[in-house]
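>
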Ligand SMILES: NC(=O)c1ccc[n+]([C@@H]2O[C@H](COP(=O)([O-])OP(=O)(O)OC[C@H]3O[C@@H](n4cnc5c(N)ncnc54)[C@H](O)[C@@H]3O)[C@@H](O)[C@H]2O)c1
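In the numbering used here, the protein residues as written are 1251 to 1610.
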């Protein structure tokens, strides 16, 4: 039985509490939230008599060091919460984005390396039977040279997303970008991105974007997205098409995967059963703690999905194609300087040694 401290008792935090409760080898030993009332309410709703406190330190003081910590706070709190746990030797599975910036993510990756403690991000949309079948079919067709995702949705959230800068690119596109990395099994080199809003948009920031990424193996990934598209909406996973040497493969974002080669009729690809979403992300993380393979969202890999967002934003701002290497170089410089200024030389040295993206 492994103890889990869950930090953040908002909508997603409560979903994680139930995800942990579905496993018989894990138990939630404490809930942390700056709003202790929110933590207490989440515990009470589940009939759990466990400490509900305001900080990671208080939780560890009350129940001892747990086997792992789930960071389900708001993005701005991710770095401080994850760092507090890593520094005390507690492995962290964090909600996306691992941090709001690549610079902060590099700093956390360095803390993970210096302490030797695992940090991974849960990108729940890379775990579904549909995307798995799509990815396998694309690989069987020789790998995609062109991959396209359409994401057209029309949520009326109200609240912070209506007011923030770049709501689509910052809050949502990281999922689709991460899915592209998963499908292609490669990392991007550069991006050109045009961000805008149609006249009828109900968001203050850019609610639509067109982006083209070039990947290291020469593949192109193009993304067309909008968060103010009424009618004929796509799945929240988007609608996908891959063009490969041996034919084409499509995925409707749910369980509809189709393929067709140069000859023959289109065929429906069998989509198997698979553990999905949060359950799958948690299973992968626990397996790693038990000595299994490194999770696919381990910070040094996941940082590339965050860098895709940062590079797309930089391209939208400048109107230029942006190289991921340049994003990592600038972030690396900033993160190393900040660590050095804070007197954290081990972290600063690790970041300076990488001189860009952390090696895997
Ligand atoms: N994977 C997905 O599909 C998905 C969906 C929704 C949200 N998320 C992510 O989950 C995270 C949480 O989102 P949410 O919708 O639950 O937000 P939320 O605002 O409903 O809840 C966040 C909670 O964190 C608490 N909190 C803030 N700072 C804290 C700190 N320093 N220490 C402890 N608690 C703190 C807040 O009081 C709040 O209760 C975000 O990173 C978000 O991007 C992921």
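Beta carbons are placed, not taken as given, at the ideal position from N, Cα and C, and that holds for glycine.
Mind the definition here: the stretch 1350–1363 touches the stretch 1587–1594 only if three or more C-beta pairs lie below 8 angstroms; say whether that holds.
yes
> Opposite residue 1442 in the DSSP bridges: which residues?
Beta-bridge analysis with DSSP links residue 1442 to 1462.
> Is residue 1537 buried or exposed, if buried means 16 or more other CB atoms sit within 10 Å of its CB?
Result: exposed.
> For the stretch 1372–1447, list the beta strand (DSSP E) runs that are entirely contained and at least 3 residues long, ordered along the chain.
Annotation note: the stretch 1372–1447 contains the following uninterrupted beta strand (DSSP E) runs of length 3 or greater, listed N- to C-terminal: 1394–1402 and 1438–1446.
> Compute the Euclidean distance between the alpha carbons of residue 1403 and residue 1279, then round it to the nearest angstrom.
38 angstroms
> What separation, rounded to the nearest whole angstrom, lies between the Cα atoms of residue 1391 and residue 1581?
37 angstroms
> Quick one, are the C-beta atoms of residue 1527 and residue 1374 less than 8 angstroms apart?
It is a contact, given that the beta carbons lie within the stated cut-off.
> For ligand 1, I want to know if residue 1291 counts as a neighbour, meaning its beta carbon is within less than 7 angstroms of at least one of the ligand's heavy atoms.
no
> Does the stretch 1501–1518 come close enough to the stretch 1463–1478 to have 3 or more Cβ pairs within less than 8 angstroms?
no
> Kindly examine ligand 1 and report whether one of its heavy atoms sits closer than 7 angstroms to the Cβ of residue 1324.
For residue 1324, the Cβ falls inside the 7 angstroms cut-off from some heavy atom of ligand 1.
> Where do the N-terminal and C-terminal ends of the beta strand (DSSP E) with residue 1500 fall, by residue?
1497–1501
> CA-CA distance, residue 1282 and residue 1256?
The alpha-carbon atoms of residue 1282 and residue 1256 are separated by roughly 6 angstroms.
> Report yes if the C-beta distance between residue 1264 and residue 1292 is below 8 angstroms; otherwise report no.
yes
> Once you ignore the five residues that flank residue 1439 on each side, which residues in its own chain have a CB closer than 7 angstroms to its CB?
Here the set comprises 1464, 1465, 1466, 1573 and 1574.
> For a test of your reading of the model: does the CB of residue 1285 fall under 7 angstroms from any non-hydrogen atom of ligand 1? Yes or no.
yes
> Among 1295, 1338 and 1276, which has the Cα closest to the Cα of residue 1314?
1338
> What are the boundary residues of the beta strand (DSSP E) that residue 1240 is part of?
Examination of residue 1240 is not possible in this model, given that the chain is present from 1251 through 1610 alone.
> In terms of residues, what are the limits of the alpha helix (DSSP H) holding residue 1470?
First-last for residue 1470: 1470–1476, but that is the beta strand (DSSP E), not the alpha helix (DSSP H).
> Quick one: any contact between the stretch 1550–1560 and the stretch 1411–1429, if contact means 3 or more CB pairs under 8 angstroms?
yes
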